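For reference, the structure discussed in these notes is given below.
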Amino acid sequence: MRLIKEIYEKDLDLGNIKPDFIKTKVREQAGEKCYRLRKAARALIFHENKIAILKAVKLNLHKLPGGGIDKTESIIQGLHREVLEETGCKIDNIHDHGIIIEYRDTIEMAQISYVFTCNVYGTAGVPIFTQKEQDEGFQLLWLKVPEVIKIMKDEDKPNTYSGRFICARDLAILQHYAGFKM
Numbered sequence: 081m082r083l084i085k086e087i088y089e090k091d092l093d094l095g096n097i098k099p100d101f102i103k104t105k106v107r108e109q110a111g112e113k114c115y116r117l118r119k120a121a122r123a124l125i126f127h128e129n130k131i132a133i134l135k136a137v138k139l140n141l142h143k144l145p146g147g148g149i150d151k152t153e154s155i156i157q158g159l160h161r162e163v164l165e166e167t168g169c170k171i172d173n174i175h176d177h178g179i180i181i182e183y184r185d186t187i188e189m190a191q192i193s194y195v196f197t198c199n200v201y202g203t204a205g206v207p208i209f210t211q212k213e214q215d216e217g218f219q220l221l222w223l224k225v226p227e228v229i230k231i232m233k234d235e236d237k238p239n240t241y242s243g244r245f246i247c248a249r250d251l252a253i254l255q256h257y258a259g260f261k262m
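In structure tokens, the structure reads:
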């Protein structure tokens, strides 16, 4: 898979925004930070010339469907599970698009997101949001890629540490897909 982008804290306008959870003790190894690795799968899911996008009302952002890969599943298995949970859709015609690496120094985490394009298989379903996602006001929308890019650039104003990374990551994915210069 090709590298789409690496995102560092210094790339984001974090200001006084702190991580959403408690920082662990800093570990050093040979003079360098040690990071906890998190793997995730993200998808540009196409249906009738639109993509699935999740609006998180209380977080003031939009995000692509996807999430963390469980230790017992492959990346593709995790992709299918996350897509089904967050969109209610089954998918096919899956193609790798690239990876995004996020270095979240403050919480000592490096996240590798494996990015895929795919199509809805059959009819679009109904999401099965977790309680946390319901509390954050998640809504499933189907929009054209340029429209999503415009919304993310002009309207999304995340107010959390993880929200800033989510927006930077997903905007980079969409711009890369659309062929925009980053």
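Take the sequence shown: its letters are residues 81 to 262, numbered as in my numbering. Note that CB positions come from ideal geometry on N, CA and C, so glycine has one too. Bear in mind the structure is a predicted one, so any value in this text is a computation, not a measurement.
Entirely enclosed alpha helix (DSSP H) segments - the segment 170-224, minimum 4 residues: 211-215
Alpha carbon of residue 228 to alpha carbon of residue 222, nearest angstrom: Distance between residue 228 and residue 222, taken at the CA atoms: about 9 Å.
Cβ contact (3+ pairs, closer than 8 Å) linking the segment 158-165 and the segment 87-95: no
Through-space distance from residue 191 to residue 250, alpha-carbon basis: The alpha-carbon of residue 250 is positioned some 13 Å away from that of residue 191.
Length-filtered (4 minimum) alpha helix (DSSP H) runs lying within the segment 120-167: 155-167
Under 8 Å between C-beta atoms of residue 85 and residue 252: For the 8 Å CB-CB criterion, residue 85 and residue 252 form a contact.
Status (buried if at least 16 other CB within 10 Å, exposed otherwise) for residue 206: exposed
Check whether residue 216 and residue 139 have beta carbons under 8 Å apart: yes
Cβ shell of residue 193 (< 6 Å), same chain only, five flanking positions each side left out: Closer than 6 Å at the Cβ level, and outside the excluded window around residue 193, lie 120, 122 and 180.
Separation of residue 202 from residue 103, as counted between CA atoms: Below a pLDDT of 50, predicted positions are generally treated as unreliable, and residue 103, at 46, falls in that range; the measurement from the model is reported next regardless. Using only the alpha carbons, I get a separation of about 43 Å.
C-beta contact flag for residue 127 and residue 199 at 8 Å: yes
C-alpha gap between residue 236 and residue 113, whole angstroms: 31 Å
Residue 117 - partner residues in DSSP beta bridges: 190
Under 8 Å between C-beta atoms of residue 82 and residue 178: yes
Whole-Å CB distance - residue 218 paired with residue 134, under 8 Å assumed: 6 Å
Nonlocal neighbours in the same chain, by C-beta distance under 6 Å from residue 243, ignoring five residues either side: 139 and 141
Burial state of residue 195 (16 or more Cβ within 10 Å): Result: buried.
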